[in-house]
Amino acid sequence: KTILDNHSMYTQSQNNKQFVGNFLWFGTYESVVRYVTPVGKTKDDLHPTYLMLAGAAGGLVYWAVPYPIDAVKSVMQTMSPQLALLIAPKDGNPSFIQVLRFILSTKGVSGLYTGLSITLFRAVPANAAIFGGYELAARFFHRMFPE
6 KTILDNHSMY TQSQNNKQFV GNFLWFGTYE SVVRYVTPVG KTKDDLHPTY
56 LMLAGAAGGL VYWAVPYPID AVKSVMQTMS PQLALLIAPK DGNPSFIQVL
106 RFILSTKGVS GLYTGLSITL FRAVPANAAI FGGYELAARF FHRMFPE
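Per our numbering, the very first residue in the sequence shown carries number 6; after that it's consecutive.
Written as structure tokens, this is what we have:
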């Protein structure tokens, strides 16, 4: 039962992060693409550098905004049984909110952003490549197989 409860708790916090992150990832990408697309042109007219810039921006926002959710989830996954009992003395199975409060009370807001800088550093090239590669592949296949 405890394993299933823990799995459910981790899954829910992961889903929360994924929902928020994906919304922001694609929304930021599309917003930047629209911003840099000249009037009368389409995304297909943009130089790949702009697509990669938009992808990098999407990746930054994807990680920066929901990162605290991921930080809480990571603490939940790695905490010792003793820490779990300290946070939730009743049953040793702390909720997301209890762990969030614990992090804020012991480390402050900065505790929710531990490790963010390296994550953002990695996100820029990774997401630039993802979106740039996707858009270039889509262009290629649209040329090879026109509608």
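No residue lacks a Cβ here, since even glycine has one placed at the ideal position from N, Cα and C.
The structure presented is a predicted model; accordingly, all values stated were derived computationally and were not measured.
For Gln-19, the closest C-alpha among the options Val-80, Tyr-40, His-147, Gln-87 is that of Val-80. Under the rule that a run must span 4 or more residues, the alpha helix (DSSP H) segments found entirely inside the segment 22 to 70 read 53 to 69. The alpha carbon of Pro-86 has as its nearest neighbour, out of Ala-131, Pro-99, Gly-137, the alpha carbon of Pro-99. Under the 10 Å beta carbon count, Ala-143 is surrounded by fewer than 16 other beta carbons and is classified as exposed. Residues of the same chain with a CB within less than 6 Å of the CB of Val-41, apart from the 5 flanking positions on each side, are Tyr-55 in chain order. Less than 9 Å separates the beta-carbon of Tyr-34 from that of Ala-59.
In this structure, DSSP gives Pro-86 a helical state, which the three-state scheme calls helix. Within the same chain, Leu-56 come within 6 Å of Glu-140 by CB-CB distance, once the 5 residues on both sides are set aside.
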